[in-house]
Ligand SMILES: Cc1ncc(COP(=O)(O)O)c(C=O)c1O
């Protein structure tokens, strides 16, 4: 089945045997048995629930993975991943990460004895490796600076050394980028963004390429219990049915918006990776940034990204507020930087809104 059909139908398993076209919401915590050793195959919803299972099968199919696990948020997925490691293990991370991931690594995991070092580009990886390096975790494109890390180049370093490669694919989704095919071992998602796609639920995913890794993670997953609830699983399944349509439109509109921003006199620089619906841009001063955020009408000033509604974020005070000022300054996250998530509205309306807000009229 091709990607677009997989978005709509998934791995196609009639979950209830009733021919339900939409996957039903199995709002139950537990499943009864008729006798010892008898049962439906489901025991308790933390272990597995039929609605979540269908979602996990669909995400695994879209990413070409052997398995996928659905979490209550992207951060819950990232946190579980770190349970694979022990005190003294070293992990190389990309320097420009979502602020919450940065906080998880820097403030929470460090105290558990994990060591981290940052790289700014794939070429810096070999020099960053230590004898105790167990994993490399990168976002690409990065949030919010839109840097690209070459996944295949990184995999050529990690694979022969048995180092786990994890890619946060939140910005591009499997519609534009399939990290497992490029050599990654695990794909991490904030499913809150494009996968769910409607700014109405939180979700997170880990997708694995091998059964061995999936078994390890599933053991931790059922133990920790940060799983996605049945209703939220239903919402993400519904969102996925239009993933390909939304992303095609968001990519098309973002290209138009990025071209427009590049010509606007109030804009100093546009960071657009050439694909997808995310654009970061610098305006010429802080006052312009603040005024723009206040004057936009269609585009909503809110954290998050990847949904049907266009959202604009001020990374310095929102997503990256907890990143140390020196680290922010080094990356270029300053008072002039704005991050735009292009929604599925008409591109002309998005551009007109930007124009009206940015222009001194
Ligand atoms: C790239 C990226 N990864 C992970 C996360 C965390 O996901 P969540 O907000 O669903 O916990 C985010 C959230 O903004 C993100 O942008």
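Numbering (the numbering used here), first residue to last: 91 to 451. All residues carry an ideal CB built from backbone N, CA and C; glycine is no exception.
What is the DSSP secondary structure of residue i, counted as helix, strand or coil?
i, result
"residue 359", "strand"
"residue 159", "strand"
"residue 318", "coil"
"residue 214", "helix"
"residue 323", "helix"
"residue 403", "strand"
"residue 229", "strand"
"residue 120", "strand"
"residue 175", "coil"
"residue 426", "coil"
"residue 180", "strand"
"residue 435", "coil"
"residue 205", "strand"
"residue 111", "coil"
"residue 244", "helix"
"residue 389", "coil"
"residue 238", "coil"
"residue 373", "strand"
"residue 378", "helix"
"residue 165", "helix"
"residue 398", "coil"
Between residue i and residue j, how many whole angstroms is the CB-CB distance? I'm expecting something under 8 Å.
i, j, result
"residue 270", "residue 294", "In fact, because the Cβ distance is near 17 Å, the residues do not count as touching under 8 Å."
"residue 399", "residue 233", "Not quite, the Cβ-Cβ distance comes to about 18 Å (not below 8 Å), so this is no contact."
"residue 274", "residue 253", "No, residue 274 and residue 253 are not in contact; Cβ-Cβ is about 11 Å, not under 8 Å."
"residue 405", "residue 389", "That belief does not hold up - the Cβ atoms of residue 405 and residue 389 are roughly 16 Å apart, past 8 Å."
"residue 227", "residue 181", "6 Å"
If we define contact as Cβ-Cβ less than 9 Å, is residue i a contact residue for chain D?
i, result
"residue 321", "Chain labels in this structure do not include chain D; a single protein chain is all it has."
Closer than 8 Å to a non-hydrogen atom of ligand 1 - does that hold for the CB of residue i?
i, result
"residue 323", "no"
"residue 395", "yes"
"residue 283", "yes"
"residue 229", "yes"
"residue 190", "yes"
"residue 66", "The structure shown does not extend to residue 66, since the chain is modelled only from 91 through 451, so no value can be given for it."
"residue 165", "yes"
"residue 294", "yes"
"residue 139", "no"
"residue 263", "no"
According to DSSP, residue i sits in a beta bridge with which residue or residues?
i, result
"residue 188", "Note: residue 188 sits in no beta bridge, so no partner."
"residue 276", "256, 298"
Alpha carbon to alpha carbon, what distance is there between residue j and residue i?
i, j, result
"residue 239", "residue 108", "46 Å"
"residue 324", "residue 377", "42 Å"
"residue 296", "residue 277", "6 Å"
"residue 159", "residue 426", "38 Å"
"residue 367", "residue 331", "18 Å"
"residue 195", "residue 321", "30 Å"
"residue 272", "residue 245", "7 Å"
"residue 407", "residue 430", "15 Å"
"residue 153", "residue 450", "45 Å"
"residue 259", "residue 125", "44 Å"
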